[in-house]
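So the working numbering is basically just the index in the sequence shown, starting at one, shifted up by 740. From the three backbone atoms N, C-alpha and C, an ideal C-beta is built for every residue, glycine too. This structure is a prediction, so every number in the text was calculated from the model and none was measured. Right, one structure below, let's go through it.
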Amino acid sequence: MFRRKYVASKPTRKIDATLDKDLEVIYGSADGEPTDFTKLEMGKKKSSRKMLLWLALTAAIVTGAAYGGYVIFERVVNGTSETLVISIDGPSEVKSGEEVQFDVLYQNKGTVPFANLEMKLNIPEGFTITKAEPVATSSPNVWIIGSVTPGSDGLIRLKGIWLEPVPSGQTLQALATYRPANFSADFQDIATKTITINTSVLTLKGEGQATAVPGDDVVYTYTVKNDGKLPINDVRVRVTVPTSFLVNASDPDTLQEGTPEWQIDTLAPDEERTITLSGAFAADATGLQTIQGSIGVMREESYVEQAVADTQTDVIGGGLTLRLIVNGSTETQTVDPGSSLRLSIDVINGSEQAVSGLNVIFNATTAGGPGVPIDWQEADIAGGKAYLNESNEVVWKGSALSGNGKIAPGERETIDFSLPIEATVEAGADDIILTVQTSVTDASNADGVRSLTSTPLHILINSDAVFSAVALYYDDGTPVGSGSLPPAVGQTTRYRVYWSIDNSLHALDDVTVSATIPPGVSYVGVVETDIGILSFDSVTRTLSWSIDRLPISASHVATSFDLSVTPTSADVGTFIKLSNEATLVGTDSKTQSRLSQSWEVITTELPDDALAAGKGAVVE
């Protein structure tokens, strides 16, 4: 017998009332009379039990179906399966450049066959397959296996060579796609093998002097060897030297002059090669200097490093110090075409003995090869005390120096001069390398002469961008303006303004040309723009021409727009200002210098318009 439990609270009464109604629907009498729940008969109780059992069975079926659907959905969508087992068997640690073997294993551990098995191997770029059993049947690295019965297995055997950076971590991945016989959807399983590469078959050994004195010849030797069982192609050896180390020669020759890099087309198994590099430390070099050697292979355009070999040399300061100062600095700097270089050469005797027989040679070259963009005709070479030799080197003999080539202990010789940069600079001549060489009599040397060279100083020339602005009424005889000319009181005259940029040496980034328009002048609109966007802010009255990147292929670009004025009586006899000073700013893509140029105000005078000459002042 059911007993209702009442609790003295309004929410409970509402719930109980609802429950009574629900029970009334289930157990109510056929005549619609209210049921007495205190006198329920056994027949009614039996019916309620059947109803409860039916509800429980239905819930179980729904729950089971839902769970089963979830499992199937999860397996199909997420690609999990208990029927296929795949793995990759092979070494976990390999040498770069050696041939290794990997087996991709698969097995059907289920009770049903599956069809359309496809195995795809995701292989790193640096792994080259030398042999595959069986061979790939589809696109590279894809094997169509087909049907696999329960309990059967198979493998794909790969042999290949790793050529990856040392050290590095790499992975092989096998992706299997298949369809069990009792499913209409595909399943996927993945196996991954992690490989560590800590060494290479390519080895590099470096040897050099433990100590050196600036100016003395120093030789470094590098031994290259292939310890593997297969030839290695396109081997590169690179040596990074301090800026104070001046390379004189190498054997064999370098790939590019001035760059310590060598190419070995093929290095056979157990083959050994020797490379020598000679040079001298500059006058300002001192302390422990590191020469960094590395060996690698080229993969397309990328250098894949295999091994390194560092050599250290302790540079013991000599008695003579040599400095080259340009525009007040001993560091790399940028200058504009047409500017001048102010140079100073300092030779300081820090020894306890006087030096004599001093000669000084100043040398200027370009990194790209073309002639040096220096106007030697206009150069001020130390008041004529020096001369320019056939190699365009500036030479000071002892007699041209203040001490006639002799410097006492603790004293110095200083030379000041200037060199103008040409206004037009060829491509490749935008990196000027300046060095100074000195020689003095030194009884400690076998030949009685000690030579020193300064650390090269780079002068980077900025791009030759030139900005100009002009207003016209007539353009080559064709009217581009309209209205009264000269401008008259109460009448509107329209003028055309051209902004142009000429640039040919380096590309420019983030270029903006801007100018404000005075009150009383109206912006009519843009006429034409070669590149970028021309906009006008009516609030600030600012015209802006924005160019994200100006390539050197666009050596001349322009934009044009119209402005108009309506003079008042107060303007009679004057030129009306059409725009204020215009400013160009941008970044040189090579030197990274921020360039800035300005152009004067533009008025109705129109000095660049011959047909409008004398018609710029306002008339009645």
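Report all residues from its chain with a CB closer than 7 Å to the CB of residue i; omit the five preceding and five following residues, and keep chain order.
i	result
S1275	S1284
P1110	E1166, G1168 and A1169
E1133	I1101, F1102 and N1103
S827	L845 and A931
G1265	F1301 and D1302
T803	Residue placement at T803 is poorly supported in this model, since its pLDDT is 48, which falls under 50; the coordinates still yield a value, given next. Cβ neighbours of T803 beyond the five flanking positions: none.
N1144	G1138
K849	T823 and V825
A805	Reliability fails at A805, whose pLDDT of 45 lies under 50, so the model's placement of it is uncertain and no value is given.
E1340	E1321
Where DSSP assigns a beta bridge to residue i, which residues make up the other side?
i	result
L933	Going by the sequence as given, residue 933 is Lys instead of Leu. L912, per the DSSP bridge assignment.
A1049	G1033
Q996	T999
T889	Answer is none; T889 lacks a bridge partner.
W1116	Per DSSP, none; premise fails for W1116.
E858	I884 and T917
V975	I1004 and V1037
L824	N848
Would residue i and residue j qualify as a contact pair, given that the criterion is a beta-carbon distance under 7 Å?
i	j	result
T1061	A1025	no
V1095	V1180	yes
V1037	V975	yes
R1234	S1304	yes
L1290	L1245	no
P1196	I1173	yes
L861	V888	no
L970	G1019	no
V1359	P1226	yes
I1035	L942	yes
A1322	A1211	no
A872	L898	yes
T1074	L1200	yes
D1010	T1030	no
L1318	V1261	yes
G900	T877	no
E1045	P874	no
V882	A952	no
I1287	V1229	no
Using only alpha-carbon positions, find the residue among the options that is nearest to residue i.
i	options	result
S1158	Q949, A1352, P1226 and L1083	L1083
G1150	L898, A1205, P1160 and N1089	N1089
P954	L1192, S1333 and L1200	L1192
D1156	N1144, K1125 and L1318	K1125
Y1043	I1342, D926 and V977	V977
I863	P880, T851 and G850	P880
N1202	W1002, S892, G1033 and G1326	G1326
E838	V1066, A925, A1008 and E1092	A1008
T961	F1021, Q1032, Q910 and W902	Q1032
S908	S892, S940 and D893	S940
N963	S984, E1012 and P982	Position check: residue 963 holds Thr in this sequence, whereas Asn was assumed. For the residues S984, E1012 and P982, the minimum Cα distance to T963 belongs to E1012.
Return the chain-ordered list of same chain residues with a C-beta closer than 6 Å to the C-beta of residue i, the five sequence neighbours on each side being excluded.
i	result
G1356	F1315, T1344, E1345 and L1346
L1351	Y1214
R1063	D1086
S1295	S1244
Q913	N862 and T932
A1353	none
S1240	S1208 and A1298
L759	Any reading at L759 must be qualified, since the residue scores a pLDDT of 40, below 50, and its modelled position is unreliable; the value itself is stated next. Cβ within range, chain order: n/a, list empty.
In chain order, what residues of the same chain have a beta carbon less than 8 Å from the beta carbon of residue i, not counting five sequence neighbours either side?
i	result
E700	Absent from the structure is residue 700, since the part of the chain shown begins at 741 and ends at 1360.
S832	K933, T934, I935 and T936
T1164	P1077, P1113 and D1204
A1148	N1089 and A1094
Could you check if residue i is buried or exposed, using at least 16 other CB atoms within 10 Å of its CB as the buried criterion?
i	result
Y950	What sits at residue 950 in the sequence shown is Ala, not Tyr. Exposed: under 16 other Cβ atoms inside 10 Å.
Q996	exposed
G886	exposed
P920	buried
L1141	buried
A1047	buried
T1154	exposed
K835	buried
D1311	buried
T1336	A small correction: the amino acid at residue 1336 is Ser; Thr does not occupy that position in the sequence shown. So S1336 counts as exposed.
L1028	exposed
D1216	exposed
A1255	buried
S924	exposed
T1178	buried
Q1117	exposed
V1279	exposed
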